[in-house]
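**Q** Heads up: the protein sequence lines correspond to chains A and B, in order.
In terms of this note's numbering, the first sequence is residues 1 to 341.
In terms of this note's numbering, the second sequence is residues 1 to 341.
The beta-carbon is built from N, C-alpha and C at its ideal position, and this holds for glycine as well.
For clarity, every value in this text was computed on a predicted model and none was experimentally measured.
This structure is in structure tokens; I'll ask about it shortly.
Number of protein chains: 2
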Amino acid sequence: MNKKIMISLAVSMAFTAGASAQTLIQTAKNAGLKPIPSDKKALMKLIDNPKNPITDEKVELGKKLYFDPRLSKSNLISCNTCHNLAIGGVDGVSAAIGHKWTANPHHLNSPTVYNAVFMDKQFWDGREPDLEAQAQGPMQAAPEMAISKEMAVKRISSMPEYVKEFKKAYKDGKITFKKIADTIGLFERTLVTPSPFDKFLEGDKNALTKTQKEGLKIFIDKGCVSCHTGVGIGGSMQPFPAVKPYKYANIGDFKGDKESRVKTPTLRNITETAPYFHNGAVWSLDEAIKIMGETQLGIDLNDKEISAIKTFLTSLTGKKPDIKYPMLPAVTSKTPKPDAK
Amino acid sequence: MNKKIMISLAVSMAFTAGASAQTLIQTAKNAGLKPIPSDKKALMKLIDNPKNPITDEKVELGKKLYFDPRLSKSNLISCNTCHNLAIGGVDGVSAAIGHKWTANPHHLNSPTVYNAVFMDKQFWDGREPDLEAQAQGPMQAAPEMAISKEMAVKRISSMPEYVKEFKKAYKDGKITFKKIADTIGLFERTLVTPSPFDKFLEGDKNALTKTQKEGLKIFIDKGCVSCHTGVGIGGSMQPFPAVKPYKYANIGDFKGDKESRVKTPTLRNITETAPYFHNGAVWSLDEAIKIMGETQLGIDLNDKEISAIKTFLTSLTGKKPDIKYPMLPAVTSKTPKPDAK
């Protein structure tokens, strides 16, 4: 082949690739997939809580509370124990383990806190509307942090540095259990992880590899996108299993809301959040993709399709926010003592 | 009083205060108290391990391993669980609680990791010579992280990012249990917290308040300094109780080395590391000071002396190193699964 023809062919292929990438972006958008906006104002609009707007003071305070094990009865468990920001915002075990080494009684897996702000509802059964409401649950749950509202407020109020920070963060400065949870929720709202896929959706045609693009096409064509969509690439309540039984559990293990619906988990950072599903029964992403095809779509994905979808999913692994490990206030003689029993 | 006399008096008082501060610095040094050097080279000489010198790569890797719960059998406990860098390098409970919610069988309290590099020996009974040797213990101990050497190596070796980091940090690049512990130990060597007292010892006469200086005098005069000395302001093996019984425990709770010696804990950051003593029986610093007078020195410190000593001790609360919370490698299909049993 002479040089001229080669160049011409290369240009033409690039043009075709460019054009088809543009088509794929449009197809993805039409299917409801949305980026984490790179524009800071647009992002803030998306993650903020109008009833309790994000400020630097609240986020910093929320971060401290998120990492503070004194918010558990035993002094040993913090939000970060089960939603560990160092390992994808999860705990890497099938069912959460909390106070007195108690496993979650419904054998539920800890979902990631990263990008949880983009979920329609919180908890696997979708019983809470937002992160602020969610944060109240695990603190009080007997098999999790096991603290009472009163004890949480007593502990935090006993440390002058926290008293000062609540005054800085809130006009009335009062420390209440609701405000502790609200502040943790606000911090959690900031835990978003932009990924190559977001760049792609925003128009960077080269942000995905060829195989990732192929995987994305299959992901859309096969219908995965019908639940895994929006900015969260998941987050809505869906029937589960929808078509065929889930082999690792009877749905009796987990009765969702009135219609037995389960929250669709986000696929962002899915390469880091094994084990999978509400009961953490599946460790392999390949197997998880296969099962989803079966139980939710009633199709048999072949190995090549599974592999392509998995490669697409790697483009959802995002950049985590830089977190300076907080130095927490010291306890005082007024701080109620820990109780491991 | 006319202006001239007032000025002259003020100058004279300042001179006297300056002179007596200088004397106090000298007295403190003569009594064996030493600063954490502000000079970086001098500090490095003090904390480095000649057999495995500190490098940025090793410290960064050691930090990751220190925070990594996959180094426990359950995937739930890291070094940072009991030596939490956010709360003074301790866990804030009387006796350490680990795997399967098991309390330390000898009811031993987790000592702080901050400034532990300055201790003569490691563990309450001084059975290990340095932090590298110490780090091997809790990982394997059944009531702590409960992992076997083999499993620790398998877990870490299964994550390609760790494999890469070990290659960057060490010439031979091999991952061994010893090297995991050595690297954690190296990170721990960097956890030093310079305080106002160090500035004072280095000549800044105003680094301590008047009351802190008075407390320091009493601290030296009464003999506290005979054990709480050196850079660590503690760290040597001492008979305990030395003079009178310790009311919270029979020494049967804890038999130190052959001569029933217990490691003198550091007083650095003591305001942040309650509860106190090897069995964590005492929550109040005032009470701890009083008991030390009785059991170790055979004296009754009065309330004023206790208060002055306590005020001096606040000058030992130091600046913690900035720690960027690490993002840890993701598990792979080769990573051995967690086992909470």
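From Asn84(B) to Lys174(A), what distance separates their C-alpha atoms?
**A** The residue you call residue 84(B) lines up with position 84 of the second sequence. The residue you call residue 174(A) lines up with position 174 of the first sequence. In this model, Asn84(B) and Lys174(A) are separated by some 28 Å (Cα to Cα).
**Q** In angstroms, rounded to a whole number, what distance separates the CA positions of Lys386(B) and Leu316(B)?
**A** This structure cannot settle anything about residue 386(B), because the visible part of chain B is limited to 1 through 341.
**Q** For the putative contact between Ile323(A) and Tyr325(B), defined by C-beta atoms under 8 Å, what is the C-beta separation to the nearest angstrom?
**A** For this step, residue 323(A) is matched to residue 323 along the first sequence. For this step, residue 325(B) is matched to residue 325 along the second sequence. Indeed they touch by this definition, with Cβ atoms about 4 Å apart.
**Q** Excluding the 5 residues flanking Val192(B) on each side, which residues of the same chain have their C-beta closer than 6 Å to its C-beta?
**A** Translated into the one-based positions of the second sequence, residue 192(B) becomes position 192. Cβ within range, chain order: Ile36 and Asn115.
**Q** Determine whether the beta carbon atoms of Tyr66(B) and Glu188(B) lie at a separation below 9 Å.
**A** Counting from one through the second sequence, the residue named residue 66(B) turns up at place 66. Counting from one through the second sequence, the residue named residue 188(B) turns up at place 188. A contact, by the Cβ cut-off of 9 Å.
**Q** Given this structure, state the Cα-to-Cα distance separating Val243(B) from Lys167(B), to the nearest angstrom.
**A** In the second sequence, residue 243(B) corresponds to position 243, counting from 1. In the second sequence, residue 167(B) corresponds to position 167, counting from 1. Approximately 53 Å, taken between the alpha carbons.
**Q** Excluding five sequence neighbours on each side, which residues of the same chain lie with their C-beta closer than 6 Å to the C-beta of Lys149(B)?
**A** Taking the second sequence and counting its residues from 1, one reaches residue 149(B) at position 149. Around Lys149(B): Phe177.
**Q** Indicate the three-state DSSP secondary structure (helix, strand or coil) for Val282(A) in the structure shown.
**A** As a working note, residue 282(A) is residue 282 in the first sequence. It is a strand residue.
**Q** Using a Cβ-Cβ cut-off of less than 9 Å, give me the residues of the region 83-94 of chain B that come near chain A, in sequence order.
**A** Asn84, Leu85, Ala86, Ile87, Gly88, Asp91, Gly92, Val93 and Ser94
**Q** In chain order, what residues of the same chain lie with their CB nearer than 7 Å to the CB of Ala142(B), ignoring the 5 residues before and after it?
**A** Working through the second sequence from its first residue, we reach residue 142(B) at position 142. Cβ neighbours of Ala142(B) within its own chain (closer than 7 Å, five residues either side excluded): His99.
**Q** Do Val93(B) and Ala28(A) have their C-beta atoms closer together than 9 Å?
**A** Here residue 93(B) refers to the residue found at position 93 when the second sequence is read from its first residue. Here residue 28(A) refers to the residue found at position 28 when the first sequence is read from its first residue. Against a cut-off of 9 Å, the Cβ pair of Ala28(A) and Val93(B) comes out as no contact.
**Q** Apply the 10 Å Cβ neighbour rule to Ala42(B) and answer buried if 16 or more other Cβ atoms are within range, or exposed otherwise.
**A** The count along the second sequence starts at 1 and reaches residue 42(B) at position 42. By the neighbour-count rule (16 or more Cβ atoms within 10 Å), Ala42(B) is not buried but exposed.
**Q** Taking Cβ positions only, does Arg189(B) come closer than 9 Å to chain A?
**A** Taking the second sequence and counting its residues from 1, one reaches residue 189(B) at position 189. Cβ-Cβ to chain A under 9 Å: no for Arg189(B).
**Q** Could you work out which residues of chain B lie near Asp97(A), taking near to mean beta carbons separated by less than 8 Å?
**A** The count along the first sequence starts at 1 and reaches residue 97(A) at position 97. The amino acid occupying residue 97(A) in the given sequence is Ile; Asp does not appear at that position. Correct list: Ser74, Leu76 and Ala340.
**Q** Which residues, taken in chain order from the region 311-335 of chain B, show a beta carbon closer than 8 Å to some beta carbon of chain A?
**A** Lys320, Asp322, Ile323, Lys324, Tyr325, Pro326, Met327, Leu328, Ala330, Val331 and Ser333
**Q** Using a C-beta to C-beta distance shorter than 7 Å, which residues of chain B count as neighbours of Thr271(A)?
**A** Taking the first residue of the first sequence as 1, we reach residue 271(A) at position 271. In chain order: Ala330.
**Q** Taking just the CA atoms, how far does Gly235(B) sit from Gly32(B)?
**A** Along the second sequence, read from residue 1 onward, the residue named residue 32(B) stands at position 32. Along the second sequence, read from residue 1 onward, the residue named residue 235(B) stands at position 235. The alpha-carbon atoms of Gly32(B) and Gly235(B) are separated by roughly 13 Å.
**Q** Quick one: measure Cβ to Cβ for Ala308(A) and Gly215(A), integer angstroms, because I've assumed they're closer than 8 Å.
**A** Within the first sequence, numbered from 1, the residue matching residue 308(A) stands at position 308. Within the first sequence, numbered from 1, the residue matching residue 215(A) stands at position 215. Right, their Cβ atoms sit about 4 Å apart.
**Q** May I ask which residues mark the beginning and end of the beta strand (DSSP E) holding Arg189(A)?
**A** The residue labelled residue 189(A) in the question sits at position 189 within the first sequence. Where Arg189(A) is concerned, there is no enclosing beta strand (DSSP E), although the alpha helix (DSSP H) it sits in stretches over Phe177 to Arg189.
**Q** Please compile the residues from chain B whose C-beta is within a distance smaller than 9 Å of the C-beta of Ser143(A).
**A** Taking the first residue of the first sequence as position 1, residue 143(A) is located at position 143. Here residue 143(A) is Pro; the residue named in the question, Ser, does not match the sequence. By Cβ distance, chain B contributes nothing, its closest Cβ being about 12 Å from Pro143(A), past 9 Å.
**Q** So Thr209(B) and Ile47(B) are in contact, right, with Cβ under 8 Å, and what is the actual spacing, rounded?
**A** Here residue 209(B) corresponds to residue number 209 of the second sequence, with the count starting at 1. Here residue 47(B) corresponds to residue number 47 of the second sequence, with the count starting at 1. About 29 Å; that fails the 8 Å criterion.
**Q** Return no unless some Cβ of chain B is closer than 9 Å to the Cβ of Trp124(A).
**A** The residue given as residue 124(A) occupies position 124 in the first sequence. So no, Trp124(A) is outside the interface.
**Q** Report the three-state DSSP secondary structure of Arg70(B) (helix, strand or coil).
**A** Sequence index remark: in the second sequence, residue 70(B) carries index 70 (1-based). In this structure, Arg70(B) counts as helix in the three-state DSSP scheme.
**Q** Are the Cβ atoms of Leu61(A) and Met139(A) separated by less than 9 Å?
**A** Taking the first sequence and counting its residues from 1, the one referred to as residue 61(A) is at position 61. Taking the first sequence and counting its residues from 1, the one referred to as residue 139(A) is at position 139. No. Outside cutoff.
**Q** Please state whether DSSP places Tyr276(B) in a helix, a strand or coil.
**A** Here residue 276(B) corresponds to residue number 276 of the second sequence, with the count starting at 1. Looking at Tyr276(B) - three-state DSSP - the assignment turns out to be strand.
**Q** Going by the beta-carbon positions, is the gap between Ala86(B) and Leu267(A) smaller than 9 Å?
**A** Taking the first residue of the second sequence as 1, we reach residue 86(B) at position 86. Taking the first residue of the first sequence as 1, we reach residue 267(A) at position 267. Contact flag unset, no.
**Q** Using a 10 Å radius around the Cβ and a threshold of 16 neighbouring Cβ atoms, would you call Glu272(B) buried or exposed?
**A** In the second sequence, counting from the first residue as 1, residue 272(B) sits at position 272. Buried is the call here.
**Q** Report back the beta-carbon spacing between Gly185(B) and Leu131(B) to the nearest angstrom; my notes put them in contact at under 8 Å.
**A** For the purposes of this step, residue 185(B) is identified with residue 185 of the second sequence, where counting begins at 1. For the purposes of this step, residue 131(B) is identified with residue 131 of the second sequence, where counting begins at 1. Contact holds; Cβ gap of about 4 Å.
**Q** What does DSSP give as the partner residues of Ile97(B) in its beta bridges?
**A** Indexing the second sequence from 1 puts residue 97(B) at position 97. For Ile97(B), the beta-bridge partners assigned by DSSP are Ala103(B).
**Q** Decide yes or no for the touch test of the region 223-232 of chain A against the region 153-161 of chain A: beta carbon pairs closer than 8 Å, at least 3 of them.
**A** no
**Q** Among Val163(A), Thr332(A) and Leu201(A), whose alpha-carbon lies nearest the alpha-carbon of Val282(B)?
**A** Within the second sequence, numbered from 1, the residue matching residue 282(B) stands at position 282. Selected option, being the one with the closest Cα: Thr332(A).
**Q** Going by DSSP, what residue range makes up the alpha helix (DSSP H) through Val262(A)?
**A** The count along the first sequence starts at 1 and reaches residue 262(A) at position 262. Counting along the chain, Val262(A) falls outside any alpha helix (DSSP H), though it belongs to the beta strand (DSSP E) covering Arg261 to Lys263.
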